[in-house]
Structures are given as C-alpha cells and as structure tokens.
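Student: Residue numbers in the sequence shown follow our numbering, run continuously in steps of one, and reach 275 at the last position.
Beta carbons are placed, not taken as given, at the ideal position from N, Cα and C, and that holds for glycine.
Fair warning: this is a prediction, and the values are worked out from it, not measured in the lab.
Before we start, here is the structure in question, set down as structure tokens.
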Amino acid sequence: MNSSLKIRDGQQDARQAATNTVKWVVRHKLVEWVSIEGVKESVPAKEYTGWLHPSSARLLAPAAMGRIMNSVLQQLKDGKMDFIDAEDGFEKPIDGTEFPNFFYSTPYDPVDPLEGLLKGPMLVRAYIAVFIGLSATYDEATNTITPRTSRGTAAKNSMYHVTPGSIAHIASQVYYSLLVNTDFSKSAVVEIGQIYDTVYTVFEGKEPVMQEYAKELLQWWDNIIFPVSVTSTTVKGGSIARLEKRLKLMKENRADAT
C-alpha cells in the first residue's frame with residue numbers, strides 16, 4: 018500500500034472514530050439535557066431517534082420555532098418539515114440552514130439571537146469527547162474539564178486552540194448523530210453539509226457585532242478546552258534559547274565574512 022492510500026485510510030479511520038464517539042455521547046446524554054413538558058423520556062433505541070423521538074426532535078428543531086409542544090412534535094414525527102418564522106411570518110423549511118436548539122446554551126431569544134449561540138452543552142460534551150478524550154469529565158456549573166486516561170485528537174495532533182472548523186465539524190457530527198435512524202435518507206447528507214457551512218458562516222460575518230461575538234466565542238471555547246495554552250508562554254531557556262543564539266551567531270559570522 019502506498020503512502021497516499023495509507024494517509025487516506027488513516028483519515029477515514031479518524032473520521033469514523035470521531036463519529037462513533039459523538040454518537041456515544043449523544044445517545045447516553047440525550048435524555049439528561051432534555052425535558053418535554055416535564056415528562057422524563059427513556060434512552061432512545063437507534064431506530065427511534067431523529068424526528069421520531071421527543072428528545073432528539075426537540076434538539077434538532079430550529080430554535081426560531083420557540084417552545085416545542087407535543088402537537089408540534091407529532092407534526093415533526095409525521096414528516097411536516099417546515100415552520101412559520103415568527104419574525105417575518107414566512108414558512109421556511111426545517112433543514113441545515115436553521116440554527117437547531119442544541120446550538121444554544123439558553124432558550125432562544127429572538128431579540129438577541131446570539132445569546133448562547135454555539136455554546137450548547139451537547140456541543141461542548143461532544144467536543145471534549147473527541148478532542149480531549151472520551152473519559153474526560155466536564156462540570157457544566159464551572160465550565161471546567163478533568164482529563165482522564167485516554168488521549169483525544171487535540172493531544173495527538175498538538176492542537177492548542179479551538180478553531181471555527183473544529184466547532185463546525187462537531188456541530189455537524191452531533192446533528193448527524195441526533196438525526197440518524199433507520200429512515201436515514203440521502204437528503205440528510207445535504208443537511209449535514211448545510212450545518213457545517215451555517216456554523217462556519219458565524220465566524221465569517223461582516224457585521225461588527227458578529228465579528229465581536231465570533232472573537233468572544235472562540236475565547237469562550239478556548240477557556241474551556243485549553244484553559245492554559247502552551248503557546249501563550251514564551252520559552253526563555255533550554256534548547257530553543259541555545260538554538261536561537263547559535264543561529265544569530267551564524268548569521269553575524271556570514272555577514273562579517275562578506
């Protein structure tokens with residue numbers, strides 16, 4: 018097997034491992050975060066997720082829909098994939114171009130739609146599981162992580178900062194994990210791509226308010242995932258210092274020789 022095939026296979030294995038990790042997090046934490054009108058739900062079977070289960074449907078539904086009542090859940094279960102936007106009154110499709118509820122850490126506020134955006138606990142849990150390690154624990158009250166024994170993607174790849182692409186990747190993985198069931202269709206592939214693009218667009222906004230929020234958001238994620246970045250410390254000794262001193266001396270000697 019040549020090197021390019023090995024690299025491709027390695028990338029595919031890594032993506033599959035990330036997908037399996039997120040699926041595990043979503044399945045085991047789903048009911049913990051969601052309460053539908055005070056009714057405690059059971060952990061859904063694989064074939065009973067997506068729009069077929071109240072908890073996953075609640076998280077997948079566009080935040081702009083507001084509170085998801087049982088009547089709405091039944092419509093979603095029956096395949097009614099559109100909703101009336103409260104802001105402009107137009108009917109819109111439920112797809113990957115809408116911010117789903119799991120994006121938010123607080124109930125959606127139409128007056129301030131940025132409040133809590135991309136800070137949802139399911140996103141954070143999934144991100145930690147993939148990039149820090151499945152065995153790491155997360156305290157939502159203090160926003161702190163306690164690493165365990167397994168090494169995540171971040172440690173294996175010398176990753177020291179949260180990036181827009183990594184957040185978009187996890188968001189699309191969570192969306193897929195919530196959506197997947199025996200009725201999974203090809204249209205879902207389009208929606209997953211839309212989710213990735215929608216998240217990435219948040220970080221590419223041209224409006225000053227969006228730019229400021231994107232900057233604050235990345236810092237918020239860094240404070241949780243990488244509270245003490247190794248890149249923030251200037252190395253003032255050891256091999257690096259000796260190397261820099263030697264290179265500087267070599268440069269000066271070449272200059273004197275000419």
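Should Asn270 go down as buried or exposed, given a rule of 16 or more other Cβ atoms within 10 Å for buried?
Tutor: exposed
Student: Find the nearest neighbour of Met227 within the set Pro130, Pro110, Ser122, Leu90, judged by alpha-carbon distance.
Tutor: Pro130
Student: So does the stretch 231–246 actually touch the stretch 94–104, counting three or more Cβ pairs closer than 8 Å?
Tutor: Verdict: no, contact absent.
Student: Does DSSP classify Gly55 as helix, strand or coil?
Tutor: Its pLDDT being 49, under 50, Gly55 is placed unreliably by the model, and the measurement read from it follows with that caveat. Gly55 falls in the coil class under three-state DSSP.
Student: Please state the DSSP three-state secondary structure of Asp99.
Tutor: strand
Student: If we count the other Cβ atoms within 10 Å of its Cβ and call it buried at 16 or more, is Leu266 buried or exposed?
Tutor: With fewer than 16 other Cβ atoms inside 10 Å of its own Cβ, Leu266 counts as exposed.
Student: What are the start and end residues of the beta strand (DSSP E) that includes Glu224?
Tutor: Counted as a single uninterrupted DSSP element, the stretch harbouring Glu224 is not any beta strand (DSSP E), since DSSP gives it neither H nor E.
Student: Could you spell out the range, first to last residue, of the alpha helix (DSSP H) harbouring Lys94?
Tutor: 87–94
Student: Helix, strand or coil for Lys136? Go by DSSP, reduced to three states.
Tutor: coil
Student: Tell me which residue opens and which closes the alpha helix (DSSP H) that Pro71 is part of.
Tutor: 71–77
Student: Closer than 6 Å by C-beta to Lys223: which residues in its own chain qualify, once you throw out the five before and the five after it? Chain order, please.
Tutor: For Lys223, where only same-chain residues beyond five positions count, there are no Cβ hits under 6 Å.
Student: Measure from the alpha carbon of Ser122 to the alpha carbon of each residue in Leu76, Val219, Lys97, then state which is nearest.
Tutor: Leu76
Student: So, helix, strand or coil for Glu233, using DSSP?
Tutor: In the structure shown, Glu233 adopts helical secondary structure according to DSSP, grouped into three states.
Student: Quick check on this structure: which residue in Thr114, Asp99, Gly113 has the alpha carbon closest to the alpha carbon of Phe107?
Tutor: It is Asp99.
Student: Could you check what DSSP says for Glu108 in three-state terms: helix, strand or coil?
Tutor: Annotated three-state conformation of Glu108 is strand, per DSSP.
Student: Going by C-alpha distance, which of Phe220, Gly150, Pro117, Lys40 is nearest Pro79?
Tutor: Closest by C-alpha distance to Pro79, out of Phe220, Gly150, Pro117, Lys40, is Pro117.
Student: Please report how far the alpha carbon of Leu134 lies from the alpha carbon of Phe120, in whole angstroms.
Tutor: Inter-residue distance for Leu134 and Phe120 is about 6 Å (C-alpha atoms, whole angstroms).
Student: Considering only DSSP beta bridges, list what Tyr121 is partnered with.
Tutor: Its beta-bridge partners are Leu134.
Student: Return the first residue and the last residue of the alpha helix (DSSP H) that Gly182 is part of.
Tutor: 181–196
Student: Rounded to the nearest angstrom, what separates Leu195 and Glu221 at their Cα positions?
Tutor: 26 Å
Student: Quick one: measure Cβ to Cβ for Val197 and Thr66, integer angstroms, because I've assumed they're closer than 8 Å.
Tutor: Contact holds; Cβ gap of about 6 Å.
Student: Is Gly83 helix, strand or coil when you go by DSSP?
Tutor: coil
Student: Under the assumption that Gly83 contacts Ile209 (Cβ atoms under 8 Å), give the Cβ distance between them as a whole number of angstroms.
Tutor: About 24 Å; that fails the 8 Å criterion.
Student: Quick check: the Cα distance between Tyr213 and His186, rounded to an integer number of angstroms?
Tutor: Tyr213 and His186: Cα-Cα distance of roughly 6 Å.
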